[in-house]
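To start, the structure itself, in structure tokens.
Chains as they are written, first to last, in my numbering: chain G, 382 to 512; chain F, 20 to 200.
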């Protein structure tokens, strides 16, 4: 049972590597992998697809910087943030904006599981925690 | 003892006056003497000798009793003296035991008092610590509540007062900060 799960994870990782182009998830490659799985259904295809989905979601999240903001944000600022994150992680990272008025003012950037924040709400939370 | 009688009888025979006067005859006298001797022997053997032996035995017993009594008296005196010594020693021992008991009781009371004092001090210290902890907890809760109120109020005020220009300026500053990471 454990061995089968391990094999499924390993197979899903191989599929994920096939789905990457320059460290980023390629839509065409993902479509090709899914077509391959459709044509040649392996044993436990459902488990493989779940593991593959989880890995692809993680890879997408690692290759994407979600920039939450309150107020307006320029496209240039979004691009600058994406470029800075790409330099930091050593892989191409794209930026996507998401409005969040709870921040009051400022930005919060999520890259995978990492969070970078410079917002009024964050500073107020730090103030409350420090007191 | 019978010898003078024989002499008297012999003299009587020589001098007939007395024998004839008193009507004495030798054979009767001899028979009387023999009888007397027999009676004397019987009395001596069965009367005087046992009585004498009994008396001597009683005398020995009395002397032994007296000696025994004297020994007993001496032993009694020795025993009384020994008893007096023992009683004196017992008095001394009893006094020592009483002193030790008093000293032990005093030590026990002192120890109990010290333990009670230590426990009381410990309880007081714990109560003070609990009071201090409670005080600190209340201060922390009050501080946290004040901070929460301040933050909430600040958020509401900022949400109303911040203009789009303020937010844009803050966003630019945040962008510069984040790109410099």
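Glycine residues also receive a C-beta, built at the ideal position from the N, C-alpha and C atoms.
- Within 8 Å of the CB of residue 178 (chain F), the CB atoms of chain G belong to 482, 485, in sequence order along the chain.
- Positions of the alpha helix (DSSP H) runs, each at least 4 residues long and wholly inside the region 109-182 of chain F, cannot be given because no such run exists.
- Within the region 453-481 of chain G, the complete beta strand (DSSP E) segments at least 3 residues long are 475-480, listed from N- to C-terminus.
- Shown here, residue 192 (chain F) sits in a helix according to DSSP, grouped into three states.
- Residue 389 (chain G) sits buried, since 16 or more C-beta atoms from the chains shown fall within 10 Å of its C-beta.
- In this structure, residue 170 (chain F) sits away from residue 488 (chain G), with a CB-CB distance that is not shorter than 7 Å.
- Taken through DSSP and simplified to helix, strand or coil, residue 486 (chain G) comes out as coil.
- For residue 497 (chain G), the uninterrupted beta strand (DSSP E) segment begins and ends at 495-500.
- Any Cβ of chain G closer than 7 Å to the Cβ of residue 162 (chain F) would place that residue at the interface, and such an atom is present.
- DSSP links residue 445 (chain G) through a beta bridge to G:475.
- The way I'd put it, the region 452-470 of chain G doesn't touch the region 153-170 of chain F; fewer than three beta-carbon pairs between them come closer than 8 Å.
- CA-CA distance, residue 50 (chain F) to residue 67 (chain F), rounds to 23 Å.
- Linking residue 442 (chain G) to residue 420 (chain G) through their CA atoms gives a straight-line distance of about 28 Å.
- Look at residue 491 (chain G) here: in three-state DSSP terms it is strand.
- With contacts defined as CB atoms closer than 7 Å, residue 476 (chain G) and residue 459 (chain G) qualify as a contacting pair.
- Taking C-beta atoms under 8 Å as the contact rule, residue 429 (chain G) and residue 446 (chain G) fail to qualify, at a distance of about 29 Å.
- Residue 486 (chain G) is positioned such that its CB atom lies closer than 7 Å to that of residue 186 (chain F).
- Assigned with DSSP and collapsed to three states, residue 56 (chain F) falls in helix.
- For residue 451 (chain G), DSSP records a beta bridge to G:487.
- Residue-level contact by beta carbon fails for residue 146 (chain F) and chain G, as no gap is shorter than 7 Å.
- Shown in chain order are the members of the region 437-469 of chain G whose Cβ falls below 7 Å from a Cβ of chain F: 450, 451, 452, 453, 454, 458, 461, 462, 465, 469.
- Listed along the chain, the chain F residues whose CB falls inside 8 Å of the CB of residue 502 (chain G) are 174.
- Going by DSSP, residue 413 (chain G) is part of the alpha helix (DSSP H) stretching over 408-420.
- Around residue 196 (chain F), the beta-carbon contacts reaching into chain G at under 8 Å are 499.
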